[in-house]
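Comments concern the structure below.
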Amino acid sequence: MKPNRSIPASTVIPVLIYPDVREAVAWLGAALGFVERVRIGEDHRAQLSFGEGAMIVGDVRHNRRPPRRGEVTHSVMVRVENVGAHCERAREHGARIVMEPTDFQYGERQYTAEDLTGHQWTFSETLADVAPEEWGGTSVATD
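What follows is the structure, given as structure tokens:
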């Protein structure tokens, strides 16, 4: 893939809609650790990075709307090094913790938080390399 400094290098880039782009960017940075990399207009869009991943915060216009409270239309998963510390940081900044840090048989420790607008985020820390067949999954394709 050709590089372009005007778009994140990630292969998959979620675009989440927020009623106030600047407020969302500030909160996502403080609470979840995202870093703003490109601002498009003062309040139109922003590109954020997290490790090797990226996301775009978009404004409300045309048919773009944030989720309604209590409605889950999607979830974003982000891998982190320390789920417990990350969860506490999010909680301190007002995230609603939907699922406390939990260890799963597939080798991940995860928690789920709801942000200031209602988007759900699952943060995952790898505890062990576990073959899918060990917990009832099926390996279909190799990377």
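Residues 3 to 145 in the working numbering are what the sequence shown lists, from first letter to last.
Glycine included, every Cβ here is placed at the ideal spot set by N, Cα and C.
Element boundaries [alpha helix (DSSP H), containing residue i]
i      : result
Arg93  : Val85 to Glu94
Arg41  : No alpha helix (DSSP H) holds Arg41; the beta strand (DSSP E) holding it covers Val37 to Ile42.
Val74  : From DSSP, Val74 is part of no alpha helix (DSSP H); its letter is neither H nor E.
Trp137 : Neither: Trp137 is in no alpha helix (DSSP H) and is coded neither H nor E.
Ala26  : Val23 to Trp29
Under 7 angstroms between C-beta atoms of residue i and residue j
i      : j      : result
Asp61  : Val23  : yes
Pro68  : Thr119 : yes
Val27  : Val59  : yes
Gln107 : Ser126 : no
Leu34  : Ala87  : no
Ser51  : Val37  : yes
Arg66  : Ile19  : yes
Met57  : Pro16  : yes
Val80  : Gly109 : no
In DSSP terms, what residue i is bridged to
i      : result
Asp117 : For Asp117, which the question treats as bridged, DSSP gives no partner whatsoever.
Met101 : Thr114
Ile15  : DSSP, once it has assigned bridges, lists no residue as partnering Ile15.
Arg66  : Arg63
Extent of the continuous beta strand (DSSP E) run through residue i
i      : result
Glu127 : Gln122 to Thr128
Val80  : Ser77 to Arg81
Ala56  : Gly55 to Gly60
Ala48  : Arg47 to Phe52
Contacts around residue i, its chain only, beta-carbon distance under 7 angstroms, and the 5 residues preceding and following it disregarded
i     : result
Ala11 : Pro5
Glu83 : Glu127
Arg71 : Gly120
Val74 : Gln122
Residue i beta carbon near the ligand ATP (any heavy atom closer than 6 angstroms)
i      : result
Trp137 : The ligand ATP is not part of the structure shown, which contains no ligands of any sort.
Cβ-based neighbour list, residue i, same chain, cut-off 6 angstroms, excluding 5 preceding and 5 following
i      : result
His95  : Ala32 and Ala33
Glu116 : Arg98, Val100 and Gln122
Sequence-distant residues of its chain with Cβ nearer than 8 angstroms to residue i (five each side left out)
i      : result
Pro134 : Tyr108, Thr140 and Ser141
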